Amino acid sequence: IIEAVKIAEDQPAGRYELSFPESFLMISEGETHSSLNRKAELHKKYIDVQILLSGYEEIGYSNKIDTRIKELEHLPDDIIFPECVANEQFVTLNPGDFALFYPNQIHRPLCTRGKPAPVKKAIVKIPATAFSESSLPCQTKE
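Counting from 130, one number per residue, gives the positions in the sequence shown under my numbering.
See below:
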C-alpha cells in the first residue's frame with residue numbers, strides 16, 4: 130500500500146502494476162454525488178483499498194454478506210452491482226484516508242451528502258488469494 134501511495138502522488142489516472150504478485154493500482158478522478166445516484170458494488174477476487182488523494186468522499190458499505198456472490202464466479206471483470214444494500218452505513222474520507230473492502234463486502238464509492246465535488250483517488254487491488262480464506266471476514270459459508 131505504501132508503494133501504491135508513492136506511485137499515486139505524481140501519476141495521472143490509469144492502471145499501474147505493483148510489485149506484489151497480481152496486485153495493481155488504479156488511479157481515478159471523478160465526482161461525488163448523492164448515494165441515490167451511485168451504484169453499490171462488490172467483488173470476489175480482490176480486496177479493495179480505496180485511498181482518497183484529494184477532495185472529500187463518503188463511501189457506503191455493509192457488513193451483510195450478499196448471498197448472490199455466486200454470480201461473480203462467471204464474471205470476467207470481478208464486479209457485480211447489487212440493487213439493494215442491507216444496513217448500509219457510511220464512512221467519510223478526507224485526503225490521506227483509506228477504506229478497505231474485503232471480497233463479498235458491498236461498498237458504494239464516490240458519495241456525498243453535500244454538493245457534487247471532484248475527487249482523485251487510488252484503488253489498490255490485492256488478490257484475495259494472497260490471504261488464507263479463513264482470515265477474510267466476509268466469506269460466504271456453504
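Glycine included, C-beta positions come from ideal geometry on N, C-alpha and C.
Note that the structure is predicted; figures quoted are calculated from it, not measured.
Where residue i and residue j are concerned, what is the direct C-alpha to C-alpha distance, given to the nearest angstrom?
i	j	result
Q234	G159	22 Å
A246	H236	19 Å
R242	S163	6 Å
N216	R167	16 Å
F149	T161	30 Å
E146	Q179	16 Å
E187	K135	23 Å
R230	N192	Inspection of the sequence shows that residue 230 is occupied by Phe rather than by Arg. Cα to Cα, the separation comes out at about 10 Å.
C240	V214	14 Å
D207	R144	16 Å
S152	K244	34 Å
K270	D177	A caution first: K270 carries a pLDDT of 48, below 50, which makes its placement in the model too unreliable to give a value.
Terminal residues of the continuous alpha helix (DSSP H) containing residue i?
i	result
E158	First-last for E158: 153-160, but that is the beta strand (DSSP E), not the alpha helix (DSSP H).
I136	131-139
Would a C-beta distance cut-off of 8 Å place residue i and residue j closer than the cut-off?
i	j	result
Y175	P256	yes
L181	D226	yes
L154	V253	yes
H172	P232	yes
Report back the beta-carbon spacing between residue i and residue j to the nearest angstrom; my notes put them in contact at under 8 Å.
i	j	result
G184	K249	7 Å
A251	A133	6 Å
I156	A142	5 Å
E170	F210	6 Å
Over the uninterrupted beta strand (DSSP E) stretch that includes residue i, give me the two end residues.
i	result
I235	235-240
S163	It is not in any beta strand (DSSP E) - S163 carries neither H nor E in the DSSP assignment.
G143	143-146
L181	175-183
E186	186-191
F260	No beta strand (DSSP E) holds F260; DSSP gives it neither H nor E.
F230	227-230
F210	Neither: F210 is in no beta strand (DSSP E) and is coded neither H nor E.
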